[in-house]
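Have a look at the structure below, then the notes.
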Amino acid sequence: LSTFLGLLMIPSIYWLMPSRYNIVWNSILLTLHKEFKTLLGPSGHNGSTFIFISLFSLILFNNFMGLFPYIFTSTSHLTLTLSLALPLWLCFMLYGWINHTQHMFAHLVPQGTPAILMPFMVCIETISNIIRPGTLAVRLTANMIAGHLLLTLLGNTGPSMSYLLVTFLLT
């Protein structure tokens with residue numbers, strides 16, 4: 001439910017006179033479009049920047065909703081991070097293997113690897129590529145939960161802490 005709270009602000013785009021919020025948001029979107037277009041280069045596919053901007057906007061809105069009290073941040077949940085990570089990882093892997101096969105094979109064996117270790121390195125690199133979205137999603141979830149837990153613990157025990165300890169923790 002908290003994932004869709006950001007959608008409540010979007011209908012203001014369709015007003016006759018654009019508000020300041022709308023002008024700021026359009027300038028942010030234009031800046032992001034230019035940045036992603038620069039990163040993707042001239043060989044980037046048409047419309048690919050809009051996919052990245054929409055993902056960025058979804059994550060941004062969800063994280064900002066988590067700043068309000070009593071609203072659960074859906075991006076700190078493992079299901080959302082995995083549901084975003086797995087399809088993106090699969091698309092990038094398929095695109096890389098179909099269009100840049102030689103480069104993908106080159107990344108399976110690091111430079112300077114002895115010839116006797118090359119088959120093992122291919123197995124290790126393949127396994128690490130396969131488990132990468134899962135490990136990144138778990139790390140992201142663990143870090144966000146740890147941050148929320150730390151803030152909760154500091155918020156509950158903050159009034160009873162000494163001033164010296166508070167200054168030590170904040171620096």
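With my numbering applied, the sequence shown covers 1 to 171.
Note that CB positions come from ideal geometry on N, CA and C, so glycine has one too.
Residue i (DSSP reduced to helix, strand or coil)
i, result
"threonine 73", "coil"
"methionine 161", "coil"
"threonine 171", "coil"
"proline 42", "coil"
"serine 54", "helix"
"glutamine 111", "coil"
"glycine 47", "coil"
Beta carbon of residue i nearer than 8 Å to that of residue j
i, j, result
"histidine 45", "threonine 141", "no"
"leucine 40", "threonine 49", "yes"
"alanine 146", "alanine 85", "no"
"leucine 32", "isoleucine 51", "no"
Residue from the options with nearest C-alpha to residue i
i, options, result
"tryptophan 25", "Ser48, Gly47 and Phe56", "Phe56"
"isoleucine 71", "His148, Asn129, Gly155 and Phe168", "His148"
"asparagine 129", "Gly96, Arg20 and Tyr21", "Gly96"
CB contact check: residue i to chain B, cutoff 8 Å
i, result
"asparagine 22", "The structure shown contains no chain B, having only a single protein chain."
For residue j and residue i, the rounded distance between their alpha carbons
i, j, result
"serine 43", "valine 122", "30 Å"
"isoleucine 116", "isoleucine 28", "52 Å"
"threonine 79", "glycine 134", "11 Å"
"serine 83", "asparagine 22", "29 Å"
Proximity test, residue i beta-carbon vs the ligand ADP heavy atom, cut-off 7 Å
i, result
"tryptophan 97", "Annotation note on the ligand ADP: not contained in the displayed structure, which lists no ligands."
For the 8 Å Cβ check, are there 3 or more pairs between the segment 59 to 67 and the segment 32 to 51?
no
On the three-pair Cβ rule with 8 Å, is the segment 158 to 169 touching the segment 106 to 120?
no
The segment 129 to 145 contacting the segment 74 to 88, beta-carbon criterion three pairs below 8 Å
yes
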